[in-house]
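Step one of this worksheet: look at the structure below.
Spelled out as structure tokens, the structure:
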């Protein structure tokens, strides 16, 4: 609604709210209000007549953090195990069940946690919904999901990070925090909410009880039980359900409308207002029903609330004016007029803390100068002493004025871009109108498909901003596993950009090709991105493309070039005032990968172990990055011949990935494939086959039947079935159905050719030799080369075609492998002793 419609809505509400409900329809029928205003008015009237919006059940009990200090409930489950965890005490009773203190009890590592167990009579779907939401979120300011499952009675449970401390309002009151300290805490909370929004999660119930400050002073956002997932993984289709706390709800929630990103902005701003002033922004100026006031009146100015509360602070007058203006925008009743993005809110709060003018309020030159002088006292004094000389140099003065205008124009342009990005993303995240959605859940893919065309239309006047958003949309398709859609969208964006192309767009396209297994295309696109970034002087984009380029180079066995890229990225990052630790860690792990491929296992293991310690210390034991490093360590153990240790690490990695994501996906599948290979070396063949089949099923579902990773796992399974002389008909059929997509001369194509010649009744010597040469040129692992040598030796012996040389090469290959596969070794000995078949 626009401003005029909102004004008419308020006027009509004040007039009708005192009438009996039976007279509403007649009054609405005789009004001249537009349908959208009339519908909103009816929702507001019903909410007002209800007297109070009911809280959901979970709000009727203390939050998890409150339960840490409340009187404990009876310890009725002390000593029981929930997976790897053992209950040692009770923490309290929540709306969906009981909460227990637990310790890790499987001997892997020591840890404490809080276990939430669904109560009897509670719909477990809401409980599982919270688990699905938390599985997406790994952020230092969000209480982490550590584990989950079902107890012996089949009731679901969640294992959560144990957060001990105070609610944010208690922390502010008890520690007597300054205004700047309050803003610092709320910045952490805003960063956490912004992180959730970027992963299509709305919190919808931000309040003091759900924002905790632990004993180390870190903010922890809790209770995603009513969060909204904007994709198909969500089983919560009630986008307008009254699952919130009315005092901290946004007007659209009170009126029964769907929540958007602006809803969480409102609740964050309201919480910040209360922490600073001790008063509700809609309860400062008068008495009366708070719900009605939140729907109809404007929030009281912050400085007025501070004066009434007699609260002085450490923020300057200009900073308070900026904060008042920012909160006024964030607390608009009408969501369409409200600040839309949590990231923009956080950026403005940072500017206030730095005593920089916010971008959403115009200030005069005198105030700007005064605030600059406060931030730069020495520079201001020097400027004052040199004022006469500066005035004498009129040319210099004019130049400075020009520079000031340039900086102003640049700042305004970036501010406009930020606003346009916020508006666009708000529309992307906005849930569909209930009357149009017909109760269906909208998926993340549908949101992207629906809004992708709007970028070119709405941002045609700003090509650079359009390309940035196109790069983000394309990368989002990739992150959802929609590689074909990501490629098509980004290819179209590249063509649309013409000569003036953003390097980030090229880099994201190259990254998609890497996930597709098209490493040559990936390397070419990323090299283009580097060239483009170099020509524009964009050092950050150059380093980003260079870091990504190392991955396809490694997969193309161009290790020297990959290492050169990584060393340059490392030098660039270490030259920055504040290096990005995530980039440094990525570089170190990729260098460890190169050391592994070159055979320097000690160097590789040392880098991986250091990375693992850093990640566990920073993120805790359940984190995607921890799982990745566990898998890498398993691979080093595999190479050393420690197959039991490798299988254990792969299993730990699979468990960590599953706990982090909350579902099985391609990352979990990769660990099942690794487990299958390790179990095969341990001669536990039935277990190896079972793990291999799980890997194939997951990869086919997640990446598609024709994806190289799926086909690779299928060929692993096929090879094992052939070696064990099991029925491989199904595996052959699946491989043949998917192999049309293989590039001629690729590792998988050559490996498949070797397998065919190995089992063929009449093998072809030339085909077997070409397959072996192809794998050698591709620097394939010794196990694959052994199969190829085996196939060639068998074909050569059957045809009496240089068979002695082929058998000698097979024997040499077998002797050169430090830890040969028992099945392949037995097969090689059979071939070496096989008699020639008569013509």
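Residue numbers (our numbering): -7 to 831. For glycine and all other residues, C-beta sits at the position ideal for the given N, C-alpha and C. None of these values were measured; they are calculated from a predicted model.
- [ ] Can you say whether residue 252 is buried or exposed, counting buried as having 16 or more other CB atoms within 10 angstroms of its CB?
- [x] buried
Open item on the list: Checking 7 angstroms against the spacing of the C-beta atoms, do residue 240 and residue 199 come in under that value?
Closed with: yes
- [ ] Please specify which runs of the beta strand (DSSP E), each continuous and at least 3 residues long, are wholly inside the stretch 558 to 616, giving them in chain order.
- [x] none
Task: Cα-Cα separation, residue 798 to residue 590 - done: 27 angstroms
- [ ] Specify, as a first and last residue, the run of the beta strand (DSSP E) that residue 212 falls within.
- [x] 211 to 213
Open item on the list: Quick check on the DSSP output: the beta strand (DSSP E) that includes residue 159 runs from which residue to which?
Closed with: 157 to 159
Open item on the list: According to DSSP, is residue 206 part of a helix, a strand, or is it coil?
Closed with: strand
TODO: Give the DSSP bridge partners of residue 26, in chain order.
DONE: DSSP, once it has assigned bridges, lists no residue as partnering residue 26.
TODO: Note the first and the last residue of the continuous alpha helix (DSSP H) segment covering residue 107.
DONE: Unbroken run through residue 107 is the beta strand (DSSP E), 104 to 110; no alpha helix (DSSP H).
Open item on the list: In this structure, how does DSSP classify residue 812 when only helix, strand and coil are distinguished?
Closed with: coil
Task: residue 509 classed as buried or exposed, judged by whether at least 16 other C-beta atoms fall within 10 angstroms - done: buried
Task: Distance between residue 663 and residue 623 (C-alpha atoms, nearest Å) - done: 7 angstroms
TODO: Could you pull the start and end residues of the alpha helix (DSSP H) that residue 731 belongs to?
DONE: Where residue 731 is concerned, there is no enclosing alpha helix (DSSP H), given that its DSSP letter is neither H nor E.
TODO: Could you check how far apart the C-beta atoms of residue 774 and residue 802 are, in whole angstroms? I think they sit under 8 angstroms.
DONE: Rounded, the Cβ-Cβ distance is 12 angstroms, inconsistent with contact.
Open item on the list: Can you list, in chain order, the residues of its chain with a C-beta nearer than 6 angstroms to that of residue 558? Leave out the 5 residues immediately preceding and following it.
Closed with: 542, 579, 582, 583
- [ ] Examine the Cβ distances between the stretch 336 to 344 and the stretch 173 to 188 and report whether three or more of them are shorter than 8 angstroms.
- [x] yes
TODO: Quick one: residues in its chain with C-beta nearer than 6 angstroms to the C-beta of residue 170, no 5 flanking neighbours on either side, listed in chain order?
DONE: 306
Open item on the list: So, does the stretch 258 to 275 touch the stretch 283 to 302, judging by three or more C-beta pairs under 8 angstroms?
Closed with: yes
TODO: Tell me, to the nearest whole angstrom, how far the beta carbon of residue 577 is from that of residue 534; I am working on the premise that it is less than 8 angstroms.
DONE: Not quite, the Cβ-Cβ distance comes to about 20 angstroms (not below 8 angstroms), so this is no contact.
TODO: Note down, in chain order, each residue of its chain lying with its Cβ closer than 7 angstroms to the Cβ of residue 8, except the 5 sequence neighbours on either side.
DONE: 16, 19, 37
TODO: Would you kindly work out how many angstroms separate the C-alpha atoms of residue 786 and residue 517, rounded to a whole number?
DONE: 42 angstroms
Task: DSSP beta-bridge partners of residue 836 - done: In the structure as shown, the chain begins at -7 and stops at 831. Residue 836 is therefore absent and cannot be evaluated.
- [ ] Identify, in the order they occur along the chain, each residue of the same chain with its Cβ nearer than 8 angstroms to the Cβ of residue 522, setting aside the five sequence neighbours on each side.
- [x] 495, 534, 537, 538, 541
Task: Of the listed residues 560, 532, 572, 587, nearest to residue 549 (C-alpha basis) - done: 587
TODO: Using three-state DSSP, classify residue 293 as helix, strand or coil.
DONE: coil
Task: Option in 697, 747, 731 with minimal Cα separation from residue 714 - done: 747
Open item on the list: How far does the alpha helix (DSSP H) with residue 777 in it extend, from its first residue to its last?
Closed with: 774 to 791
TODO: Answer with buried or exposed for residue 283, where buried requires no fewer than 16 other C-beta atoms within 10 angstroms of its C-beta.
DONE: buried
Open item on the list: Between 152, 658, 631, 81, which has its C-alpha nearest residue 129's C-alpha?
Closed with: 152
Task: Selection from 592, 265, 309 that minimises the alpha carbon distance to residue 301 - done: 265
Task: Neighbour-count burial assignment, residue 818, 16 or more Cβ in a 10 Å radius - done: exposed
Task: Of the listed residues 323, 732, 309, 322, nearest to residue 349 (C-alpha basis) - done: 309
Task: Straight-line Cα distance separating residue 351 from residue 393 - done: Here residue 393 scores only 43 on pLDDT, less than 50, and its place in the model should not be relied on; the value that follows carries that caveat. About 20 angstroms.
Task: Which listed residue (718, 124, 772) has its alpha carbon closest to that of residue 861 - done: Residue 861 falls outside the range modelled here, since the chain spans only -7 to 831, and no answer is possible.
Open item on the list: Taking the beta carbon of residue 101 as the centre, do at least 16 other beta carbons fall within 10 Å, making it buried, or is it exposed?
Closed with: exposed
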